[in-house]
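Everything below concerns the one structure shown next.
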Amino acid sequence: MTLLWLLPILAAVCGLLLAAALLRRWLPRLRAEFRQLRAAARAVETMSLERELGYQMQMAGQTPALPSASGASPFANGAWTVLAGDGGGRGWPVDAFYKVRGLAMHRGALHASLTGPKADGPGGQVWRLSDEACAQVGGDLAGSWRADDSFVDHLFSVDDNTLLAAEKTGVWRLSDSQWTHISHGLALGEKCGPYSFASWKGQVVMGQWGHPRVAQLGADDQWTYLPDPEGGWGAGVRTIYCLIAFKGMLYAGTGTGRLTGPASAVWRYDGTSWEKVGGAGIRGSWAREGLPFVLSLAVFGECLVATVSRPEDTPKGASSVWLFDGERWGPLAVGATPALMAESLIMNDAIVYKGRLVVATGHGTRRPAQVWMLDDSHGWRPVGPPELGQPGSGDGGWWVYRLCTDGERLYASTAGHRGAAKVFCFTPA
Numbered sequence: 000m001t002l003l004w005l006l007p008i009l010a011a012v013c014g015l016l017l018a019a020a021l022l023r024r025w026l027p028r029l030r031a032e033f034r035q036l037r038a039a040a041r042a043v044e045t046m047s048l049e050r051e052l053g054y055q056m057q058m059a060g061q062t063p064a065l066p067s068a069s070g071a072s073p074f075a076n077g078a079w080t081v082l083a084g085d086g087g088g089r090g091w092p093v094d095a096f097y098k099v100r101g102l103a104m105h106r107g108a109l110h111a112s113l114t115g116p117k118a119d120g121p122g123g124q125v126w127r128l129s130d131e132a133c134a135q136v137g138g139d140l141a142g143s144w145r146a147d148d149s150f151v152d153h154l155f156s157v158d159d160n161t162l163l164a165a166e167k168t169g170v171w172r173l174s175d176s177q178w179t180h181i182s183h184g185l186a187l188g189e190k191c192g193p194y195s196f197a198s199w200k201g202q203v204v205m206g207q208w209g210h211p212r213v214a215q216l217g218a219d220d221q222w223t224y225l226p227d228p229e230g231g232w233g234a235g236v237r238t239i240y241c242l243i244a245f246k247g248m249l250y251a252g253t254g255t256g257r258l259t260g261p262a263s264a265v266w267r268y269d270g271t272s273w274e275k276v277g278g279a280g281i282r283g284s285w286a287r288e289g290l291p292f293v294l295s296l297a298v299f300g301e302c303l304v305a306t307v308s309r310p311e312d313t314p315k316g317a318s319s320v321w322l323f324d325g326e327r328w329g330p331l332a333v334g335a336t337p338a339l340m341a342e343s344l345i346m347n348d349a350i351v352y353k354g355r356l357v358v359a360t361g362h363g364t365r366r367p368a369q370v371w372m373l374d375d376s377h378g379w380r381p382v383g384p385p386e387l388g389q390p391g392s393g394d395g396g397w398w399v400y401r402l403c404t405d406g407e408r409l410y411a412s413t414a415g416h417r418g419a420a421k422v423f424c425f426t427p428a
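Heads up: the sequence shown at position 251 corresponds to 250 in numbering that gives the first Met the number 0, and the numbers run straight through without jumps.
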């Protein structure tokens, strides 16, 4: 009986010894084959990236023409100063906020939306900024939201007396120094909220995060959703990052909400239906898979400018700025990407300032944030505050989040870590 009881144990031991012997024999071969497969995968990826750069060089021949620059650069003379967030008694406490997400002019003064101490709050406020004084005007004030349970994304100036804020709980309107919650008709929640704004055919439109949709503001503060694209916005799309009117149609840029995924696309709405006009090589646009964001849309002359994210393995010479004339896309300044710009993961915003195209970049975990101007030779020149683009001291990453102008000055807001929320102001001489 004892031997019968031992037989299963002996069989198991023999099996383990046999498996160990086979493993010792085959493990080196398996490791070698795995290394070969990994090397092959890297080679395929490298070829794909090289093809993307070659594709961009080919598409550069159809890049729409930009307006000719006239006169000297607005940055030839002038200086940057910190308007708020430097801890010197101007604005909010220096370590209270993570980002200045929105900038907009309202009643002749710059307004900024803040979120912190982390990227998703829990605090959200709106401030009015000027050379004379900086003051909080939104969050626990004037009938607005609870500041300690909030985050605020974009601000949008409808007219000189009306400012909109995309806050965690919905859309808020500031008019005559009083806030009003105007979210009637919107389907919002803990995982879905307002994000971006634009004006189209005389009416305000809003894009959502969480559940990507576009809504239009009508009479009596009632929102109405536009129809979604047939088949949806695409795989992985979480947010309508930007909206703009261009040549009579409404354009939307989409993204994932993360630094990975193939969700970057541009759609346009003609009043009846949406058409995908950018991304996946459509109409000569970016063809690379895995671009997660179209971060901004701007109009420059007869062109629509789109800035897209820049994953870590993007070829250094590849462009992250694309131009669209309504029919075809083309990359801007291919092969002329400065090293600091090439290190940036994101290109958050673009603006036309005194006739020049200006873009904002950053990384988020390191310090290559900068403001760039397209010069007369179609190359990028750094024109931002001296504090940007410098090696960090362990305080986290930086990026320039938003650009805004009052027609004379240029404003740039920053983000990336607790205490990074600042607003810089460039004043030309």
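Even glycine gets a Cβ: it sits at the ideal position worked out from N, Cα and C.
* Mark R100 as exposed unless 16 or more other C-beta atoms lie within 10 angstroms of its C-beta, in which case mark it buried. => Walking along the sequence shown from the start, residue 100 turns up at place 101. Looking at its Cβ environment, which holds 16 or more other Cβ atoms inside 10 Å, R100 is buried.
Check: Buried or exposed: I8, going by 16 or more other Cβ atoms within 10 Å of its Cβ?
Finding: The residue labelled residue 8 in the question sits at position 9 within the sequence shown. By the 10 Å Cβ count, I8 comes out exposed.
| field | Rounded distance between the beta-carbons of T253 and I239, thought under 8 Å | value | Sequence index remark: in the sequence shown, residue 239 carries index 240 (1-based). Sequence index remark: in the sequence shown, residue 253 carries index 254 (1-based). Right, their Cβ atoms sit about 6 Å apart.
Identify the residues that DSSP records as bridge partners of Q61: which are they? In the sequence shown, counting from the first residue as 1, residue 61 sits at position 62. According to DSSP, Q61 bridges with nothing at all.
| query | Which residues mark the beginning and the end of the alpha helix (DSSP H) in which A419 is found? | reply | Here residue 419 refers to the residue found at position 420 when the sequence shown is read from its first residue. No alpha helix (DSSP H) holds A419; DSSP gives it neither H nor E.
task = For H183, count neighbouring Cβ atoms within 10 angstroms of its own Cβ and tell me buried if that reaches 16, exposed if not.
result = Within the sequence shown, the letter at position 184 stands for residue 183. The Cβ neighbour count for H183, taken over all protein chains shown within 10 Å, is under 16; the residue is labelled exposed.
| request: Kindly indicate the opening and closing residues of the alpha helix (DSSP H) around L339. | output: To locate residue 339, count along the sequence shown from 1; it is residue 340. Secondary structure note for L339: its alpha helix (DSSP H) is the uninterrupted segment 338 to 341.
Practice item. Please name the residue in T413, G316, G300 whose C-alpha comes closest to that of L356. Key: Looking up residue 356 in the sequence shown gives position 357. Residue G300 is the option with its Cα nearest to L356.
Problem set entry | Three CB pairs or more closer than 8 Å across the segment 178 to 198 and the segment 108 to 123 | Not touching, per the Cβ criterion.
**Prompt:** In whole angstroms, what separates the C-alpha of L294 from that of D219?
**Reply:** Here residue 294 is taken as the residue at index 295 of the sequence shown, counted from 1. Here residue 219 is taken as the residue at index 220 of the sequence shown, counted from 1. L294 and D219: Cα-Cα distance of roughly 31 Å.
Please state whether DSSP places G231 in a helix, a strand or coil.
As a working mapping, residue 231 is identified with position 232 in the sequence shown. Three-state DSSP puts G231 in coil, outside helix and strand.
Worksheet entry | Straight-line gap, K421 to A414 (C-alpha atoms, nearest Å) | Here residue 421 corresponds to residue number 422 of the sequence shown, with the count starting at 1. Here residue 414 corresponds to residue number 415 of the sequence shown, with the count starting at 1. Rounded to whole angstroms, K421 to A414 spans 7 Å at the Cα level.
**Asked** Is it the case that the Cβ atoms of S195 and C133 are separated by a distance below 8 Å?
**Response** On the sequence shown, residue 195 is found 196 positions in, with the first residue counted as 1. On the sequence shown, residue 133 is found 134 positions in, with the first residue counted as 1. Using a Cβ distance threshold of 8 Å, S195 and C133 do not count as a contacting pair.
### Query
Below 8 Å, can you find three or more Cβ-Cβ pairs linking the segment 341 to 348 to the segment 312 to 323?
Here the segment 341 to 348 makes contact with the segment 312 to 323; the two share three or more CB pairs at distances below 8 Å.
- Starting from the Cα of V203, find the closest Cα among G280, D158, A59 and give me that residue. Along the sequence shown, read from residue 1 onward, the residue named residue 203 stands at position 204. Nearest C-alpha to V203 among G280, D158, A59: D158.
- Query: I think I345 touches F292, with their Cβ atoms under 8 Å apart; what is that distance to the nearest whole Å?
  - Reply: As a working mapping, residue 345 is identified with position 346 in the sequence shown. As a working mapping, residue 292 is identified with position 293 in the sequence shown. Taking a contact as a CB-CB distance under 8 Å, the pair I345 and F292 counts as one, their CB atoms being some 7 Å apart.
*asked:* I need the boundaries of the beta strand (DSSP E) containing Q221, first residue and last residue.
replied: Position 222 of the sequence shown, counted from the start, is the residue given in the question as residue 221. Element bounds for Q221: n/a, residue is neither H nor E.
Return the CA-CA distance between C191 and R257, expressed in angstroms with no decimal places.
Here residue 191 refers to the residue found at position 192 when the sequence shown is read from its first residue. Here residue 257 refers to the residue found at position 258 when the sequence shown is read from its first residue. Rounded to whole angstroms, C191 to R257 spans 15 Å at the Cα level.
M248 - partner residues in DSSP beta bridges = If you number the sequence shown from 1, residue 248 lands on position 249. Note: M248 sits in a beta bridge opposite F245.
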